[in-house]
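Chains as they are written, first to last, in this note's numbering: chain W, 599 to 824; chain V, 24 to 660; chain P, 951 to 1212. Even for Gly, the Cβ is constructed at its ideal location relative to N, Cα and C. First the structure, in the form of structure tokens, and then the observations on it.
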Amino acid sequence: MAHPSNHFQSSVGRKVVMALSGLGLVLYVIFHMLGNLQVFEGSHALNGYATMLRDMPILLWIARIGLLSLAALHIVLAIQLTLRNRRARPVAYAVREYRQASFASRTMAVSGLVLLLFILFHLLHLTAGVIDPSSADRLDTEGHRDVYGKIVHAFQNPFIVACYLTGQLGLGLHLNHAVTSSLQTLGLERAAFNRLIKAAGPTVALLVVLGNVAIILAIFLGIVRG
Amino acid sequence: MMKLDPKIPAGPLETKWDRHRFSEKLVSPNNKRRIKVIVIGTGLAGASAASTLGQLGYQVECFCFQDSPRRAHSIAAQGGINAAKNYQDDGDSVARLFYDTIKGGDFRSREANVYRLAQVSAQIIDQCVALGVPFAREYGGQLANRSFGGVQVSRTFYCRGQTGQQLLLGAYSALCWQIERGQVTMHPRTEMLDLIVVDGQARGIVVRDLVTGRVSIQTAHAVVLATGGYSNVYYLSTNASGSNVTATYRAWKQGAAFANPCFMQIHPTAIPPGDEHQAKLTLMSESLRNDGRLWVPKMAADHRSPGDIPAEERDYFLERRYPRFGNLAPRDIASRAVKTVCDEGHGVGPGGQGVYLDFADVIERQGQDVVHERYGNLFDMYNRITGEDAYYVPMRIYPAPHYTMGGLWVDYNLMSTIPGLFVIGEANFADHGANRLGASSLMQGLADGYFILPYTIGHYLATAKLLPVGEDHKESRAALQRVAGRISRLLNAKGRRPAASFHREVGKFLWDHCGMSRNQAGLELALRSIPALREEFWRNVVVPGSGEAFNQELEYAGRVADYLEFAELLCHDALHREESCGAHFREEHQTADGEPTRDDTCFAHVAAWEYREHAVPILHKEPLAFEFVQPTTRSYQ
Amino acid sequence: MTFTLKIWRQKSPDEKGRFVTYKAHDVGSGMSFLEMLDGVNQGLIAKGEEPVAFEQDCREGICGSCSLVINGIPHGPDRGMSTCQLYMRRFPDGAAITIEPWRARAFPIIKDLVVDRRALDRVMQAGGYVSVNTGGAVDGNVLLIEKDQAETAMDAASCIGCGACVAACKNASAMLFVAAKVSHLALLPQGKPERTRRVKTMLDAMDREGFGSCGNQYECEAVCPKRISVRFIATLNREYLRAGVVESGLPAEPESPHAESA
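And the structure:
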């Protein structure tokens, strides 16, 4: 009998870790979207929410570091598995026809890369304020940092909006396959739930993207104003 | 001079096997690991034997020509496996399975062998269940049974229409375990091309590595042939295209007697042949006859579509001729009845080669869903091949060569006339007499491999005097030379005709003159014509490529060369057997209404043929004594 | 009918392969795809040229030998069947057909369209069995098995080991093959005692052989001649996770009950 290697070193083990880290990130993305929807309630609500988060620096930094580690783990494993998978078929087919693989599932690497670039852009833009220094932190009338004003300012810029919409496209595509796929990787399968599991990916992707895009477009189209 | 000693233990039938096992010598456990056994073939018999021998501690070298042991042709058996479990409490017993098999074989098999087969049948099911074979189950969780192929009890265990596959995968998994344990060394894509006999004992084989083309010598203390049957000598058969006679035929040429080669089972329910490009006949499981009804139009050459033929103008010929068994009449009887109605001009479909197998009644009675559940995959398969939907149009079927009851002669210990050469499964002649009952081949293959050979080979290995034999032994070198000579002769013929055309020609010849019915004139014609065809083969065959590489055409041509010789042996045997029994039907020996007449006075024997170079083979007879059953006329009317 | 065939020819494992174009003439619509290739080969042999090497044996969809990628799809355009069950009536007259071998690092090409699939056997040898000796098995009815469970096990067990799942997978993964075997035995009481070890050793073997990992695209299911469901892959994953949990409470290397004492 072959000596069993470490349980999470195997291809399935790595997939499991990818699925878990991915699901963690998905939970964050949902949370993030829900929080930002407060933009529709006006500057008071959103800025108050932002201040509440800032007022818990330890938790905030734990969350930030946790998220970054999850993302890093997810990406490293993705790269490892992709390289391995490339090696598994050294000579490509001359003709290739897919039968049932979804577009999203075939573009996971691309959508993942778009998503990664977008996240970097997003962090540099709104978190670090490097991309558009003109939107640097100001205080609102209540003395809270004016996150609301910053967002409204940012999404009036067509270039920024285009970047964010592209990012959302990547996010939607990625989640569309990822959520259902991760449930499969975690072994969730019961005849009674299969339709639910199948629907999970597209549903989550749709809701998250709709929520985020609603914010962006509402500002860009002037429905939400500064 | 060859001597046939069946070595049947004396005493009551019921205890022969038990007493024989006790009287057999055992090999001491420490010696087993120094003993090497070669097993050729990884079907049910070969895989079960190799795994069991490995488990016992022998060093097993196992060979198959396929790329994986799991692809041996046992995998294609559809219907099921018989066992005298009497789970249905419908009157089954070891004695009844024994009697059904002996009678089904038309009293041309050995009582002692058949009784032993029936005895171990129950163990086979238990063993397979333990290995994880997913047999069909009842709602209560118990094993399900069905009635199959010409018997009146339900004793057939099954896994949908893939019983052979599941049993083989079970045996293959046991083999995998022994390979992992290092007890069995597996040599896939390796073909046996000759047998090495030293001092009258089988001591090794010559094999060709089909990937590199390298020919090499493998020596051992004993050799087990589990290489299946030779239905493909007919070119068109239900067998896999790789199934061949080469291993048993080469063993025959080295001195193993070949028994009853003319006993060839023609399966009644294959899809009829189409055009000449057709490479194989696809079998539709016999289980279809449980619910389907066979019929032809009463009027000859009736070209109306089946739906337009009213019930009173249909001839349900099996129900008419064999009212007691009807559509479930044994294979040989059903096949011949199909041939008869077709010969009389009632056949349907292209060339009038076919009869209807109609499910309209059962669909009306039980609904299409029930039929779909039972036979869905078979209906799909039929639809794919013919483009017709059997839920609405009756299937067309026609008989096809399917299984060979004949094979190398073996004694009660499954040893051939060459000491140390054991033959198991379809490759031997032992248990089915002149006709095999449905679902009995799987039973026999596994009985031989799991439960019989592992005992009997031990006695041989414990008692035989076996001197060391190496690759340098002169007999080894001679065998190697024979193989190398044949290969270079094939490659250097450099003619114009591909081997397949010779194969098709000899197959057609056999089908016409030594097929479902035979007569003296036809057999003599065949015996005159085959040598000429063989002569042309060696003069005009073309085999491209080289011998030192992967060369499928070379493999095939070698097998065809053996068919061209073996066909003659088949005809000799058919000619000698001046009676009609089981699958062997001599037109000279039938009653006024076309039923076969068996001749127990002159032919209650096994015909074992001994090879002679450039001469007619010598016939030896092993008389069949029936101590426990009385041969009766096999009537299914 | 007439067809233009673009066939991958490769003399040996080490030599470079290339596509060669052949014409198949006088093809009947009732001919199988392999019989059509037989026809092409007979023409080549008669000319003394080497025929196209391809695998086939039973020609009824059960042995799993045949293995052609036809116009980019393993086993060709029809679902739920192997190459040998494909008939030429499926193609329009005059069609151009590209024929390639299974392509995967774990399946090196032997010649033309023939690949070496022993990797699958080695995965089986790593644990695809129930370790029981011949003889001494209890009566088959002692183990009662629910009908539904037996049927599901049979669904998984019907795998023919052709390797189309690997050929179709973007990552050349053998997950569906391993899943079928692991699920078959995990679903039955006979397979339970070894399920923890089995799933690990078989998956380790799969990785060792150089197959890729599962991308959950389910192309494997779409080309499987036996329509084996990807739900078994979820079962495999679950078994693997379970093994991880169970094993942490066991000695690292359970002693093999069959280790030779001598």
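Neighbours of N1091/P across chain W, judged by C-beta separation under 9 Å, do not exist; the nearest C-beta is about 28 Å away. With respect to I61/V, Q241/V sits close: the two C-beta atoms are nearer than 8 Å.
G710/W is outside the set of residues whose beta carbon lies under 8 Å from a beta carbon in chain P. Residue contact check for A1107/P against chain W: no CB pair falls below 8 Å. Annotation note: the region 168 to 211 of chain V contains the following uninterrupted beta strand (DSSP E) runs of length 3 or greater, listed N- to C-terminal: 177 to 180 and 207 to 210. Around the beta-carbon of V1088/P, fewer than 16 other beta-carbon atoms lie within 10 Å, marking it exposed. Here L248/V is actually not in contact with L476/V; their C-beta atoms are around 11 Å apart, not less than 8 Å. Nearest to I814/W by alpha-carbon distance, out of H751/W, L721/W, A776/W and E787/W, is H751/W.
Taken residue by residue, none of the region 1159 to 1188 of chain P has a beta-carbon sitting less than 8 Å from a beta-carbon on chain V.
The Cβ neighbour count for V728/W, taken over all protein chains shown within 10 Å, is under 16; the residue is labelled exposed.
Taken atom to atom, the span from the alpha-carbon of H720/W to that of L711/W is near 14 Å.
Straight through space, the alpha carbons of K55/V and R178/V are spaced by roughly 37 Å.
Beyond the five residues adjoining it in sequence on each side, L1135/P comes within less than 6 Å, by CB distance, of G1141 in the same chain, given in chain order. According to the DSSP assignment, I148/V belongs to no beta strand (DSSP E) but to the alpha helix (DSSP H) extending over E134 to A153. Nearest Cα to A1069/P within the set G1162/P, G1044/P, E1010/P and R968/P: G1162/P. The closest CA to that of F953/P, considering only R1055/P, D1043/P, L994/P and D1007/P, is found on D1043/P. The Cβ atoms of G481/V and A70/V do not sit closer than 8 Å to each other. Here the C-alpha atom of G1077/P lies approximately 59 Å from the C-alpha atom of F638/W.
Counting every other CB atom within 10 Å of its CB across the protein chains shown gives L76/V a total of 16 or more, marking it as buried. In the structure shown, the three-state DSSP call for R226/V is strand. Judged by beta-carbon spacing, A279/V lies beyond the 8 Å limit of L484/V, meaning their Cβ atoms are not closer than that value.
Counting the other CB atoms within 10 Å of its CB gives Y415/V a total below 16, which places it among the exposed residues.
With contacts defined by Cβ atoms closer than 8 Å, M539/V and K362/V form a contacting pair.
With a beta-carbon spacing of about 7 Å, R541/V and E610/V fall inside the 8 Å limit used to define contacts.
Excluding five sequence positions before and after M209/V, the CB atoms of its chain that fall closer than 7 Å to its own CB belong to C85, P92 and I202, given in chain order. About 15 Å separates the CB atoms of R397/V and N350/V; that is not less than 8 Å, and the two are not in contact.
In the pairwise beta carbon analysis, the region 747 to 762 of chain W is classified as not touching the region 656 to 665 of chain W: fewer than three pairs are separated by under 8 Å. By the CB criterion at 8 Å, A457/V and M418/V fall outside the cutoff. The shortest C-alpha to C-alpha distance from E342/V to any of G399/V, G184/V, G315/V and A324/V is the one to G315/V. Bridge pairing for P320/V: R337/V [DSSP]. Sixteen is the threshold: since fewer than 16 other Cβ atoms of the shown chains lie within 10 Å of the Cβ of Y162/V, the residue is exposed. Using a 10 angstroms sphere on the CB of N451/V, the tally of other CB atoms reaches 16 or more, which defines it as buried. The Cβ atoms of A323/V and R344/V do not sit closer than 8 Å to each other.
The Cβ of L1137/P sits no closer than 8 Å to any Cβ of chain W. Within the region 990 to 1001 of chain P, those residues whose Cβ lies closer than 7 Å to any Cβ of chain V are, in chain order, Q992, I995, A996, G998, E999, E1000 and P1001.
By the criterion of a C-beta distance shorter than 7 Å, L1153/P is surrounded in its chain by V1128 and Y1190, once the five residues flanking it on both sides are discounted.
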